[in-house]
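This report refers to the structure that appears directly beneath it.
Protein chains in written order, with my numbering: chain A, 766 to 1005; chain B, 766 to 1005; chain C, 766 to 1005; chain D, 766 to 1005; chain E, 766 to 1005; chain F, 766 to 1005.
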């Protein structure tokens, strides 16, 4: 039923941590992927740093009164069991069908995830007990807060399956990068290509920003025409 | 990955075919289930008769340009493969995330389902090539029609899994009844209880309707007070 | 708690039955009222004739599981009691908060309304048991059909109060006109002014339509410039 | 037209002020009530403390240009008159149909409510003049801010009636608890039962959180199996 | 302000009239265009035949009470003037921001369009006076019907500009094909490529449908594997 | 294609900077304009001061994959060219169709606008690279943040045209006032009338607020009856 989770190299984490989600979406769009930004995944607290990790997915369907009960929390297929299956350093990505009136997790579940070394939680739903969740120190990206428990609106059905999170198809072990602008998905198969292009794109935009700060107009600069491209290439050679 | 499909007894089909989805939702509500009607499942053609069958589920997530391609239609996990796994007399229930701008199936897939003896198609999405679909004779309940193919908006990920269809949690082999008012789910575990209560509820409402047609006022009649309940019980004894 | 219902003169009914809801909304807009068309109030069956009547209002709030139960149907404040308070020839206007997944009324309640001489039912919600409702012969304008009973999503709280129906404020005894384009409200205080202007507007548009059928271009004709206004006035004098 | 407002005992306020809205929604769900959290009721300012009080309800319908005017603010049925009817310590709960482009109240009305000793304002709509409202010191839970006055989108129709606030049915004198997660309704008739269960639930969750902090896994702990339940009961006996 | 309208060759019209919008969207998706189907453009009457034509665009912005008045209908920038600028055989494509509570055109404007030889009207909004509009014989694709005039919700601002219609970018003179599944856009620059691929796709799908009717399973057939592709190619050679 | 931009007198800016958007919407409503507040235009950073300026408009339509590409950023009709056409002290008002999953501008474009002396940016869409945008110091009012570039969801089509921004019709050179409550439009033709009424309204509300702070009840005060109006007029005479 569920896909085995994979590690992500420290080097990949290091390199991608230096690339904004804005740059990644530009790079992915150039490769034909327009739909990689998970709608609704906003930082729960100000100042949360950029994170990079493999997606560990959880899936909900709508609540059914015979299934979505507090008793279900003790069943073998429960959010509790899913959390115990999460590897350290993963990013838990929870498909909650954009439901904003039932919180998927509260302080207790977030505390346990933190204990297990989970890097962060990303969902198109909401969390509950916001002060408790913030107290656990687990970084969360979500649509906000609601008091009711998950079973008021959702039935949990499994983990490490393909899911919809914020209108994006997320498969287990896809790479997720999340910062102040929200969460972006990099398909696992495209990782190497994306890294290469992203580092270059980030460097180019830094150089363009410098020109703008010096008063240069945008046409011909962003994107660069031949003349500006040449200037940029020359500048690049001066880098250490 | 997928649950084995089960048959449904001819007797169950016969009895439930005489019960309206309205009556079933009333009975299910009395058992505490308020969320069993799949939003958006409206008859594609006028006059489609009531159907009863086990749910054979299909699941979509949002389109991702590297996965949702015409080429994917030939992969082992495709809507084509799912259709070949459908047993006769099942009702295909397709979770399409309420997407109305990409048609899950067109004439070719519906024709194949009809050939395989599938009883009907229920979805919270839409179909494409409406005149072709109507031509196949497969009864369809859906949100309407759109020209684009499924891959314009959806990625197919599997069959006989728990799904969301129109805001209702549907598990493989749950029972589906569908008529002019749309599709209602009966959880497999509650089937016997529901049948018993539904037949009685249908009979009572028929009797009440007769009283209304004879000019009786509603208070005390619907629901019946002790006096009217007694009259009803007496009438019931006169039935063959 | 509830306002007494008033009759509407046969003469008013006769005159307004000859005026389209399109013309009425134009006339009301010229008097500064832009928000008088109840969104979602579409004919349930093709060919329903235009109706005119005083609004008899019903009000729902969201379902609360301790209140919205089948048992509540027997309480003194119930849809059943409301129906028994409806005068002949009124138009029942039901504020259902645009809820489309719980039917406010089914065949039994509609049959009773028909028996009481209610002219028609207008709601921003839906009805249930569509074939049964059509069978009663009561003309209905609504958002469509759903199987579940009202208590699956709504709690009934009273009648002849100010309500929201389809985004329009409806007060008891306001006048409602409903045809193929849906339901329009005429505030009771504006009735006489509206009738006068509407009859004239209808006549002018008939004349304009004739000119268009004869090939005249629109600029200067609709709205008419001085020359065309004069032609119209001349034509009007030839009317019986 | 309007229900008389009732006081709430200081003891009830004290006890419920120690219970989170998260715990209350869990307790209410166990009693079968899933729909008690008012969508959109978020704190206007950070750090607003938890409040408990009886609901004093206000009701709006959509704007009608002949009724929703600045002049209407002087009529006997106006938000001004409603405010003068509010008892000290109540929580004003305003049903604004989730309208987010017209502010129900600005600085002047909030200042007057503060003067009258109203505990707080809860609405599914928005306020206007946010800096002015914050200046009054009245705690507000709402969907945010908009510049236009209420009459740009809403017509006020009465107070102390049953209302819809954020998709929840609120009756006058129901109990409202509001904190960082938003506003939760406790039906007046269920108050005693809820208090008893809530205090116990809060204590249990505190104990579970402690176990998680000490590294215990979730399965068997939350909800507790027999062994953990016994440990909890033993611990509970050690409490003062 | 507005782009000159262009004719479309009779040959193009003839060829595309034999291709379904379903096939066109498949072909366009293979060229990387997923967003070409105008949401909400459904046939107003049953049985409307497929139409092909150049887009003649009209643009609305929201209503502003100082501009959106009946008097504005006589101004030089009005829907009336736009209609007089429409060439015969064009398809009028009206961007109405998906507004469903104000009808863009009624019987008089549609009658004039019909007189001018306009092929059809496509909009993401609605029309008013449905019986009148149907009476003119102008084929219309839209979201339905509303009684209020355009100025109740919309301000007209120009024609033959780039517009949004149903979430699709439409430029003047793009090609529009519309049938029972709604309206599809072919960018003018891609027309020749699309025609070629569409005719071939239509033929292939016809052949596949025949195989399905003869009982062949879908895997390997749709899309065809090498063996079936060869069979298809052989069959194609037998065509006249 | 685009209207020439006009300056705004320093005096007008000075006077309107002292008037809240709340007061302006009240004044405009009294003149019959209810729809002047641009939905979704919220301050990106806390504490942004009130701004006043002429609108310089930009217009987007939905993304089309053949047009909305990174290459398009270098075309003559591009957001880059539009920015170079902006005069100092204008307020850029961008109609982005309420799209929240593609950022219209990031740090580079905002930096250039700041360099050109643009007063602020108002949009019904979102920006990208929020930390970069905040770093430029350009005040922004918008719906929030998204990582993807504009071309992921939008095609830019022109500037200084009539647009829809947040459901409001904005014409080039209309006056925009924006503060903590969002952005309000003053039609250019109504500017003088609005200024006069707004200053008086602001003064009256200040006086009313003082009375409330001294404990006066609302009825008869807000709006003032004859007695309170006289008191206010007397007080006004004491002003310097």
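Just so you know, even glycine gets a beta-carbon here, dropped at the ideal spot from N, CA and C. Just so it is clear, the structure is predicted and the values come from calculations on it, not from any experiment.
Just checking my contact of residue i with residue j at CB under 8 Å: how many whole Å lie between their CB atoms?
| i | j | result |
| --- | --- | --- |
| residue 891 of chain A | residue 868 of chain A | 5 Å |
| residue 951 of chain F | residue 939 of chain F | 7 Å |
| residue 848 of chain B | residue 878 of chain B | 6 Å |
| residue 894 of chain E | residue 946 of chain C | 6 Å |
| residue 830 of chain C | residue 797 of chain D | 5 Å |
| residue 943 of chain D | residue 815 of chain D | 7 Å |
| residue 818 of chain C | residue 856 of chain C | 4 Å |
| residue 803 of chain C | residue 864 of chain C | Not a contact, Cβ separation roughly 14 Å. |
Looking at the structure shown, is residue i part of a helix, part of a strand, or coil, going by DSSP?
| i | result |
| --- | --- |
| residue 875 of chain D | helix |
| residue 869 of chain A | coil |
| residue 910 of chain B | strand |
| residue 958 of chain B | helix |
| residue 920 of chain D | strand |
| residue 776 of chain A | helix |
| residue 971 of chain C | helix |
| residue 948 of chain D | strand |
| residue 1003 of chain F | coil |
| residue 905 of chain D | strand |
| residue 899 of chain D | helix |
| residue 858 of chain A | strand |
| residue 934 of chain D | strand |
| residue 964 of chain E | helix |
| residue 792 of chain A | helix |
| residue 864 of chain E | coil |
| residue 977 of chain C | helix |
| residue 885 of chain F | strand |
With respect to 6 Å, is the separation between the Cβ of residue i and the closest non-hydrogen atom of the ligand MN below this value?
| i | result |
| --- | --- |
| residue 941 of chain E | As far as ligands go, the structure on display features none, and thus does not contain the ligand MN. |
Are the segment 818-834 of chain D and the segment 963-970 of chain F touching by the rule of at least three beta carbon pairs closer than 8 Å? no
So, does the segment 943-958 of chain C touch the segment 775-794 of chain C, judging by three or more C-beta pairs under 8 Å? yes
Could I get the ranges of all uninterrupted alpha helix (DSSP H) runs contained in the segment 813-851 of chain A, with 4 residues as the minimum, in chain order? 844-849
Pull out every residue of the segment 922-939 of chain E whose Cβ sits closer than 7 Å to any Cβ of chain F, in chain order. 922, 927, 928, 929, 932, 933, 934
Taking only beta carbons into account, state which residues of the segment 962-989 of chain E come closer than 7 Å to chain B, listed in chain order. 970, 973, 974, 977, 978, 980, 982, 983, 984, 987, 988
Report the residues of the segment 818-850 of chain A with a CB closer than 9 Å to any CB of chain B, ordered along the chain. 824, 825, 826, 827, 828, 829, 830, 831, 832, 833
Quick one: which residues of the segment 877-905 of chain D get their C-beta closer than 7 Å to a C-beta of chain F? List them in chain order. 877, 880, 893, 894, 895, 896
With three or more beta-carbon pairs closer than 8 Å as the criterion, would you say the segment 913-931 of chain A touches the segment 905-915 of chain B? no
Counting only Cβ-Cβ distances shorter than 7 Å, please list the residues of the segment 946-957 of chain D near chain A, keeping chain order. 946, 947, 949
So if I threshold CB-CB distances at 9 Å, which residues from the segment 795-817 of chain D count as touching chain C? 796, 797, 798, 799, 800, 801
Against chain A, which members of the segment 781-793 of chain D pass a CB distance test of less than 8 Å? 785, 786, 787, 789, 790, 791
Please name the residues in the segment 847-876 of chain C whose beta-carbon is closer than 9 Å to at least one beta-carbon of chain B, in chain order. 848, 849, 865, 866, 867, 868, 871, 872, 873, 874, 876
Meets three-Cβ-pair contact criterion under 8 Å: the segment 857-876 of chain F and the segment 901-911 of chain A: no
Taking any Cβ of chain D, which residues in the segment 905-921 of chain C have a Cβ under 7 Å from it, in chain order? 920
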